[in-house]
Amino acid sequence: MKKRWVINFLITYIVLYNLTFSSLRKENINKKSLRNQIVYLVNETSPFTGELIGEGIKEQYENGIKNGFFQGFVQDENERFVYEGKYINGIKHGVWTLKYLNGDTKGILKYNYDKPNGQWTYFYENKNMEGYENLEDGILHGKVVKYSPVGELLTKVEYYNGLLEGEAVFFYKGEILETLTNFKYGKIDGGIKIFGADGAQMLEGTYKNNKREGVWKFFYKTGDIKTVVNYKNGLKDGEIIIYDKAGLVAQKSRFIQGNEVDSNGNVLKKDKELKDSIVDRFKKFNRSLKYEKYDKILSEME
């Protein structure tokens, strides 16, 4: 008896849902008029309820507010994509997709009441995965991974509450190691090694809270040491030795708190505070992630 009641209830619900959907008012998208963020039809005074349609476009509204399925086009620099997703009372919620114009998936984006949430996954035109970013309530949280068009690992980092945390690894094409380092609370903290595209080590050093610390070694492409620099709190501090390609000492100098000094400690040359290109690189990396770009594009749609 109970089973039959449940079946009858489901049938009734489906019928009513289909009747509601089929009776939804449909109008051409060209009649859309936006006034104070509320959608009307041209020459009408009541907020629109129903579906606006056009070539490749569907937009559903309730009392002038986005509510239901949306499909249309977005522009990303020189590329045009199809988007699909749902609004609940004007708020993006659930799974949204970006598609290439041929219908293949460009991105799978997840929202939790207008905030990027869960894994955002991206694909190349050849259908190979481009990478993914994990988020929690609009903040990066978890692994961020990027691949080349042929599936080679390029980047593997991790975020915690929006900040880089733990080991970060970057590769050239061919999965040749480019950079290996560690982060703590969003700042480089620990050892760092950087390599050239040929696999030869370029430098090795240590950071503490985004500042160079201790002995840093720079190498020739042969692997021989080129320069040894001592740092303290991000400034050159101590002896600096430059070697020639034969391994012989070519030059020695001494620094205190970033200033070059003579053997008696007298300042010979005042150095400006080090502008660290490695630290700047990771700041740019944070700004280059895709979720912010696509979230901005989708949020700016009218």
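Following the numbering used here, the numbering of the sequence shown begins with 2 at its first residue and continues without gaps. All C-beta atoms, glycine included, are put in the ideal place defined by N, C-alpha and C. Computed from a predicted model, the values in this text were never measured in an experiment.
- Query: Taking buried to mean at least 16 other C-beta atoms within 10 Å of its own C-beta, is Leu35 buried or exposed?
  - Reply: exposed
- Is DSSP giving Phe49 helix, strand or coil here? coil
- For the alpha helix (DSSP H) holding Ile279, just list the boundary residues, first then last. 278-288
- C-beta atoms of Asn113 and Ile140 nearer than 8 angstroms: no
- For Asn19, which of helix, strand or coil comes out of DSSP? With a pLDDT of only 47 at Asn19, under 50, the local geometry of the prediction cannot be trusted, and the value read off the model is given with reservation. Three-state result, Asn19: helix.
- Assign Pro117 to buried or exposed, taking buried as 16 or more other Cβ atoms, counted over all protein chains shown, within 10 Å of its Cβ. buried
- Give a yes or no on whether the C-beta atoms belonging to Lys67 and Tyr41 are separated by under 8 angstroms. no
- Item | At least 3 beta-carbon pairs within less than 8 angstroms: the segment 253-272 vs the segment 227-243 | yes
- Task: With a threshold of 16 other CB atoms inside 10 Å of the CB of Tyr186, please say whether the residue is buried or exposed.
- Result: exposed
- Given Leu11, which residues of its chain have a CB within under 6 angstroms of its CB, disregarding the five upstream and five downstream residues? With a pLDDT of 45 at Leu11, under the threshold of 50, the modelled position of this residue cannot be trusted; read the value that follows with caution. Contacts found: none.
- Task: Report back the beta-carbon spacing between Lys93 and Leu299 to the nearest angstrom; my notes put them in contact at under 8 angstroms.
- Result: 7 angstroms
- Item | Residues near Pro150 in its chain [Cβ-Cβ closer than 7 angstroms; skip 5 each side] | Tyr125, Asn127, Asn129
- From Asn103, Arg213, Leu181, Gly65, pick the residue whose C-alpha is nearest to that of Glu80; which is it? Asn103
- Please name the residue, chosen from Gly224, Glu153, Arg26, that lies closest to Glu176 on a Cα-to-Cα basis. Glu153
- Task: Look up Ser264 in the DSSP assignment and say whether it is helix, strand or coil.
- Result: coil
- Item | Complete beta strand (DSSP E) runs within the segment 88-164 (minimum length 3 residues, chain order) | 95-100, 106-113, 119-124, 130-137, 140-148, 154-161
- Excluding the 5 residues preceding and the 5 following Asp272 in the sequence, name in chain order all residues of the same chain whose CB lies nearer than 8 angstroms to its CB. Leu236, Lys237, Phe256, Gly259, Asn260, Glu261
- Starting from Ile30 and walking both ways along the beta strand (DSSP E), at which residues does that stretch end? That residue, Ile30, is in no beta strand (DSSP E); it is neither H nor E in DSSP.
- To which residues of the same chain is Phe22 closer than 7 angstroms at the C-beta, ignoring the five residues directly before and after it? For Phe22, the pLDDT reaches just 48, beneath the cut-off of 50, and the residue's location in the model is therefore unreliable, although a value from the coordinates is still provided. Cβ neighbours of Phe22 beyond the five flanking positions: none.
- Item | Environment of Val146 [buried if 16+ CB atoms lie within 10 Å] | buried
- Task: Kindly indicate the opening and closing residues of the beta strand (DSSP E) around Tyr186.
- Result: Counting along the chain, Tyr186 falls outside any beta strand (DSSP E), and DSSP gives it neither H nor E.
- Message: Considering just the uninterrupted stretch of the beta strand (DSSP E) at Lys237, what are its terminal residues?
- Response: 236-244
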